[in-house]
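K.L.:
Just passing along the structure, written as structure tokens.
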Amino acid sequence: MQCAQYLIICVLALGPLQAATAKKISYNRDIRPVLSDQCFTCHGPDATKRKSKLRLDLREEALKPAKSGALAIVPGQPQKSALVTRIRTTDADDQMPPAKSHKFLTDKQKALLTQWISEGAEYQAHWAYMPVKRPPLPPPTGHPIDSLVRSRQQQLGLHPGAQANRRILARRLYADLHGLPAPPAAVEAFQQDHAPDAYEKLVDRLLSEPAYGERMAVWWLDLVRYADSAGYHSDKGRNVSPFRDYVIAAFNNNKPFDQMTIEHLAGDLLPNASLEQRVGSCFNKLLLTTDEGGAQSKDYEARYMEDRVRAVGTVWVAQTWMCAQCHDHKFDPTLSKDFYAMGAFFADIDEPIIAAPDAGIPILSEAMQQAAATVATQRLAAQKAYDLNPPDILQRIDTWGKAQVAAGAKDAWIKLFEKPVAERSEAEAKQLLDAYKAHAPEWADPRKALDDLNAKQKALDETNPCIVTRSTANKKTVRVLPRGDFQNASGPVVTAALPSYLPKATIEGREPNRLDLAQWLVSRDNPLTARVLVNRLWKLFYGIGLSKTQEDFGLQGEMPANTELLDWLAAEMMDRKWDIKAMVRLMVTSRTYQLTSESTPEMLTRDPENRELTRQCRFRLDAEFIRDFELGSSGLLVRTLGGPSVKPYQPDGYWENLNFPVRGWDASTGDAQYRRGLYTWWQRMFLHPSLLAFDAPSREECTADRARSNIPQQALALLNDPSFVEAAKAMAGRVLSEAAGDDSARLTWLLRETLQRRPSAAERGTLLALLENHRAQFKTDGAAAAALTKPGRPAPAGLDPAELAAWSSVTRVVLNLHEFITRS
1123 MQCAQYLIIC VLALGPLQAA TAKKISYNRD IRPVLSDQCF TCHGPDATKR KSKLRLDLRE
1183 EALKPAKSGA LAIVPGQPQK SALVTRIRTT DADDQMPPAK SHKFLTDKQK ALLTQWISEG
1243 AEYQAHWAYM PVKRPPLPPP TGHPIDSLVR SRQQQLGLHP GAQANRRILA RRLYADLHGL
1303 PAPPAAVEAF QQDHAPDAYE KLVDRLLSEP AYGERMAVWW LDLVRYADSA GYHSDKGRNV
1363 SPFRDYVIAA FNNNKPFDQM TIEHLAGDLL PNASLEQRVG SCFNKLLLTT DEGGAQSKDY
1423 EARYMEDRVR AVGTVWVAQT WMCAQCHDHK FDPTLSKDFY AMGAFFADID EPIIAAPDAG
1483 IPILSEAMQQ AAATVATQRL AAQKAYDLNP PDILQRIDTW GKAQVAAGAK DAWIKLFEKP
1543 VAERSEAEAK QLLDAYKAHA PEWADPRKAL DDLNAKQKAL DETNPCIVTR STANKKTVRV
1603 LPRGDFQNAS GPVVTAALPS YLPKATIEGR EPNRLDLAQW LVSRDNPLTA RVLVNRLWKL
1663 FYGIGLSKTQ EDFGLQGEMP ANTELLDWLA AEMMDRKWDI KAMVRLMVTS RTYQLTSEST
1723 PEMLTRDPEN RELTRQCRFR LDAEFIRDFE LGSSGLLVRT LGGPSVKPYQ PDGYWENLNF
1783 PVRGWDASTG DAQYRRGLYT WWQRMFLHPS LLAFDAPSRE ECTADRARSN IPQQALALLN
1843 DPSFVEAAKA MAGRVLSEAA GDDSARLTWL LRETLQRRPS AAERGTLLAL LENHRAQFKT
1903 DGAAAAALTK PGRPAPAGLD PAELAAWSSV TRVVLNLHEF ITRS
């Protein structure tokens, strides 16, 4: 009967089976994703939820008899394998996955599982947990990325597209490496430079300029959950902007990524830690915190620990450790004990759990540090002068005191003068001495000198403060919290330890600390960090990661489309000593990067998601860069590097429900209004509407993969946000002030400045018609012209308001074009 049943199974599965088995089944590519999605919830790592004593994530366990005695998998014999029988049966009581699980296997998936067992049911270690080994480069020789990409394309019979033209390449490089529009003169210079290394020279120049660090910081600040507010109910501001400056400088100065990692997690633990390294440790303090009086300290102590574990898991190793907060992970080999043992690494952080935000330490420039040293020396000298008592000090005090009594002084210490000097206690004598020096005219000069220096010191202490990590020997006790319940203290106490399923660092004779954790994360023994890092860099410059699951390299994560390429890049990253600029240069100098983003019907059919890199990706700019493009093209952008956060225009009443305390949004004035989007004040609970419209995250959690939507509200934001309206007006002012000739010539100038190309005949006709229409309107409606040109800085003197308004309508359209806000 078994054989007959199996024959029926084979006949039913023949169609999908033939399609699914054109090549040998790969466990990692074909089987693990199916088992992980459909089976591991009940038959995976979580022992507390495992059904029928059947575990399918480990081969030696999967081959054992289940609780019923049946063998789920009999290698090479699917007709004897209960797994095949149960996924094929139509009996609702026996069917797997059961209907109540709301999981479902397709015919193709059933065919894959059947064929896999027929081929021997071989398992493979999870690709992301295997040691990083550099694969050999296939011929032809040349750029290593192109060799690995082209080799795979040839295996699949695919052909890459053409190279993008030089205008597109220049715009792409400026968008990717600076997050800014390409200056027209730079594009034209590149188009006319026919030297063999012209492209590489442009790349090197862009990597050397400060805007590169700002662009990379936008990506990194998402990951480390940087925000200017603390989150939760009050969402109060806090002093963290020096950390943003640290990140920008780290990328511009090409700080090795392993060093940056160490400073983030344990900068305060480094021997003789510098001010810069201490600022790097602000990473540990970027989590959500509370100062609400009714909050329970044990609750928030657990929350802070859990946040830091999630952050490390997301930022460095793309592991969903948060799933083990309440129970053993249902898909990955992460135990709940692993989660809390990771949390114990942070038990030494000295912080009040329920308290007002930490004021931080002053972060001074080199010149200010020298000034602070001078003030400290002068204060010491002034204090000595103030404390120095002349031989006749007692007589002076007595004489001054009698004068105060005679003048009718009412201070509490006046009564002490009624006592003879010999009868005064030591404390009373000290009280009179202090009163004399604080009030006597003859002590005014040393008193004023000391007061002035104390004021200077106070000002320095309050200059550019930043919260940093401080360690304490009085560590918190960390225990496993059953079901993640902070009120349940029944779980075992744990000490700091690395995850049980990953290679360990050897630490003898002491408990490991945050420095050990950081060093392990960037060690060659760790198979994850380099892979995760290069995958994320790849997405920045190619639009999609080699693995799409930027935040999950666990068993639920997607296997890379090109595993050899990912591993080659990961090995290269470590061999280059974690040199980010070198890796960015490597990625953007490949021919694959330089491909056009235009697709052919064959590409759309055979490589619809561009996973095989037959073309470049086209995508909308991130929120911050849309602002930068608008302000940059219009001439409004102020390119000051670093500094405190700024507040662009925001709708009145937007903060109406931001309470405890009630606050208002005071828009920045002067140059601060025109800074890059990177510097916009990041209010977690009420993110700036322009950032929100274009998918910027709240940064309440670490964000590894920012969403990218396309919704009508975005067009409305581009048309109506006051910053963008002002940019359109400023652009119109430039057209009228800088562009010579008639309307057609000015239109050509406008598109050269914004899109670095000439308008097509259709575009020219449409925009000239729009100009004439609005010119006629605004000549008869001065109020409408004034309303459109009112926002922001005054327009250049001497411009006709109706003409400025008409051209503002045209520039609003151009600055709203898909092409303008899209990286091609």
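This note's numbering puts the first residue of the sequence shown at 1123, with every later residue one more than the last.
We put the CB at the ideal spot given by N, CA and C, even for glycine.
#1: Beta carbon of L1410, beta carbon of G1353: below 9 Å?
#2: For D1697, count the other beta carbons within 10 Å of its own beta carbon; 16 or more makes it buried, fewer makes it exposed. Which is it?
#3: How do the stretch 1761 to 1775 and the stretch 1307 to 1326 stand: do at least 3 beta-carbon pairs fall below 8 Å, yes or no?
#4: Using the Cβ count rule (16 or more neighbours within 10 Å means buried), how would you classify Q1285?
#5: Around the C-beta of L1877, are 16 or more other C-beta atoms found within 10 angstroms, so that it is buried, or is it exposed?
#6: Could you check what DSSP says for Q1716 in three-state terms: helix, strand or coil?
#7: Under three-state DSSP, which class holds I1485?
#8: Return the chain-ordered list of same chain residues with a C-beta closer than 7 Å to the C-beta of R1546, the five sequence neighbours on each side being excluded.
#9: Based on Cα-Cα distance, which residue from Q1579, I1515, E1540, A1528 lies nearest to E1564?
#10: Does the separation of the CB atoms of I1476 and Y1422 fall below 9 Å?
#11: Using only the heavy atoms of the ligand ZN, determine whether one of them is closer than 8 Å to the beta carbon of Y1664.
#12: Grouping DSSP H, G and I as helix and E and B as strand, with all else coil, what is V1654?
#13: Starting from R1998, follow the alpha helix (DSSP H) in both directions and report where the run begins and ends.
#14: Do you know how far the Cα of L1892 is from the Cα of V1963?
#15: Can you check whether the CB of A1618 is closer than 9 Å to the CB of M1464?
#16: Please name the residue, chosen from L1345, K1407, P1257, that lies closest to E1694 on a Cα-to-Cα basis.
#17: In this structure, does DSSP put R1698 in helix, strand or coil?
#18: Smallest Cα separation from N1680: which of L1687, G1667, A1692, L1691?
#19: Less than 8 Å between the CB atoms is what I'm expecting for V1431 and E1746, so what's the real figure, rounded?
#20: Can you give me the Cβ contacts of N1374 inside the same chain, cut-off strictly under 7 Å, excluding the 5 residues immediately before and after it?
#21: Name, in chain order, the residues that DSSP records as bridge partners for P1587.
#22: Does any CB atom of chain D fall closer than 9 Å to the CB of Q1381?
#23: Check whether the Cβ atoms of R1742 and R1945 sit closer than 9 Å, and answer yes or no.
#24: Are the stretch 1924 to 1941 and the stretch 1821 to 1829 in contact at 8 Å, needing three or more beta carbon pairs?
#25: Among A1395, S1403, F1379, which residue has its Cα nearest to the Cα of L1387?
#26: Would you kindly work out how many angstroms separate the C-alpha atoms of Q1641 and Y1149, rounded to a whole number?
#27: Do R1425 and V1590 count as a contact pair if the criterion is CB distance below 9 Å?
#28: What is the DSSP secondary structure of S1593, counted as helix, strand or coil?
#29: Taking three-plus beta-carbon pairs below 8 Å as touching, is the stretch 1806 to 1818 in contact with the stretch 1771 to 1782?
#30: So, with DSSP's three-state summary, where would you put R1154?
#31: Residues in its own chain within less than 7 Å of Y1796 by CB, not counting five upstream and five downstream?
#32: Determine contact between the stretch 1504 to 1515 and the stretch 1435 to 1445, defined as no fewer than three beta-carbon pairs at a distance below 8 Å.
#33: In this structure, what does DSSP give as the bridge partners for S1351?
#34: Which partner residues of I1476 appear in the DSSP bridge assignment?
#35: Can you tell me which of D1533, D1520, T1412, D1380 puts its alpha carbon nearest to the alpha carbon of A1544?
#36: Are the beta-carbon atoms belonging to A1243 and R1181 less than 9 Å from one another?
P.N.:
To lay it out plainly:
#1: Here residue 1410 refers to the residue found at position 288 when the sequence shown is read from its first residue. Here residue 1353 refers to the residue found at position 231 when the sequence shown is read from its first residue. By the CB criterion at 9 Å, L1410 and G1353 fall inside the cutoff.
#2: Here residue 1697 refers to the residue found at position 575 when the sequence shown is read from its first residue. So D1697 counts as exposed.
#3: Touching, no, given that fewer than three Cβ pairs across the two stretches are closer than 8 Å.
#4: Locating residue 1285 in the sequence shown gives position 163, counting from the first residue. Exposed, by the Cβ-count rule.
#5: Along the sequence shown, one-based indexing puts residue 1877 at 755. Counting the other CB atoms within 10 Å of its CB gives L1877 a total of 16 or more, which places it among the buried residues.
#6: Looking up residue 1716 in the sequence shown gives position 594. If DSSP states are grouped into helix, strand and coil, Q1716 belongs with coil.
#7: Your numbering for residue 1485 matches position 363 in the sequence shown. For I1485, the secondary structure class from DSSP, reduced to helix, strand or coil, is coil.
#8: Sequence index remark: in the sequence shown, residue 1546 carries index 424 (1-based). Take R1546, set aside five residues on each side of it, and the residues of its chain with a beta-carbon closer than 7 Å to its own are L1538, in chain order.
#9: In the sequence shown, the residue the question calls residue 1564 occupies position 442. Taking only the C-alpha atoms, the option nearest E1564 is I1515.
#10: Against the sequence shown, residue 1476 aligns to sequence position 354. Against the sequence shown, residue 1422 aligns to sequence position 300. It is a contact, given that the beta carbons lie within the stated cut-off.
#11: Among the components of this structure there are no ligands whatsoever, and the ligand ZN is therefore not found.
#12: Along the sequence shown, read from residue 1 onward, the residue named residue 1654 stands at position 532. Note: V1654 maps to helix in three-state DSSP.
#13: With the chain running from 1123 to 1946 in the structure shown, residue 1998 is simply not present.
#14: Lying outside 1123 to 1946, the shown extent of the chain, residue 1963 is not represented and no answer is given.
#15: On the sequence shown, residue 1464 is found 342 positions in, with the first residue counted as 1. On the sequence shown, residue 1618 is found 496 positions in, with the first residue counted as 1. Against a cut-off of 9 Å, the Cβ pair of A1618 and M1464 comes out as a contact.
#16: The residue labelled residue 1694 in the question sits at position 572 within the sequence shown. Closest option to E1694, Cα to Cα, is P1257.
#17: As a first step, residue 1698 is located in the sequence shown; it is residue number 576 there, counting from the start. Look at R1698 here: in three-state DSSP terms it is coil, with no helix or strand label.
#18: Locating residue 1680 in the sequence shown gives position 558, counting from the first residue. In the sequence on display, residue 1680 carries Glu and not Asn. Shortest Cα-Cα distance from E1680 to any of L1687, G1667, A1692, L1691 involves G1667.
#19: Here residue 1431 refers to the residue found at position 309 when the sequence shown is read from its first residue. Here residue 1746 refers to the residue found at position 624 when the sequence shown is read from its first residue. The Cβ separation is near 29 Å, so there is no contact.
#20: On the sequence shown, residue 1374 is found 252 positions in, with the first residue counted as 1. The beta carbon of N1374 lies closer than 7 Å to those of P1332, Y1334, G1335 in the same chain, with the five residues before and after it left out.
#21: For the purposes of this step, residue 1587 is taken as the residue at position 465 of the sequence shown. For P1587, which the question treats as bridged, DSSP gives the partners P1484.
#22: Structure shown: chain D not included; a single protein chain is present.
#23: For the purposes of this step, residue 1742 is identified with residue 620 of the sequence shown, where counting begins at 1. For the purposes of this step, residue 1945 is identified with residue 823 of the sequence shown, where counting begins at 1. Cβ distance < 9 Å, so R1742 and R1945 count as in contact.
#24: With contact defined as three or more Cβ pairs closer than 8 Å, the stretch 1924 to 1941 and the stretch 1821 to 1829 are not in contact.
#25: As a first step, residue 1387 is located in the sequence shown; it is residue number 265 there, counting from the start. Among A1395, S1403, F1379, the Cα nearest to that of L1387 is on S1403.
#26: Here residue 1641 is taken as the residue at index 519 of the sequence shown, counted from 1. Here residue 1149 is taken as the residue at index 27 of the sequence shown, counted from 1. Straight-line Cα distance between these residues: approximately 32 Å.
#27: Position 468 of the sequence shown, counted from the start, is the residue given in the question as residue 1590. Position 303 of the sequence shown, counted from the start, is the residue given in the question as residue 1425. No, these two residues do not count as a Cβ contact at 9 Å.
#28: Numbered from 1 along the sequence shown, position 471 holds the residue referred to as residue 1593. In the structure shown, S1593 sits in a strand (DSSP, three-state: E or B).
#29: Touching, yes.
#30: To locate residue 1154, count along the sequence shown from 1; it is residue 32. Helix at R1154.
#31: Position 674 of the sequence shown, counted from the first residue, corresponds to residue 1796. Contacts found: L1753, L1758, L1759, V1760.
#32: Proximity of the stretch 1504 to 1515 to the stretch 1435 to 1445 falls short of the contact definition, fewer than three beta-carbon pairs being nearer than 8 Å.
#33: If you number the sequence shown from 1, residue 1351 lands on position 229. According to DSSP, which records beta bridges pairwise, S1351 is partnered with G1359.
#34: The residue labelled residue 1476 in the question sits at position 354 within the sequence shown. Note: I1476 sits in a beta bridge opposite T1412.
#35: Here residue 1544 is taken as the residue at index 422 of the sequence shown, counted from 1. Nearest C-alpha to A1544: D1520.
#36: Reading the sequence shown from its first residue, position 121 is the one you call residue 1243. Reading the sequence shown from its first residue, position 59 is the one you call residue 1181. Cβ atoms of A1243 and R1181: closer than 9 Å.
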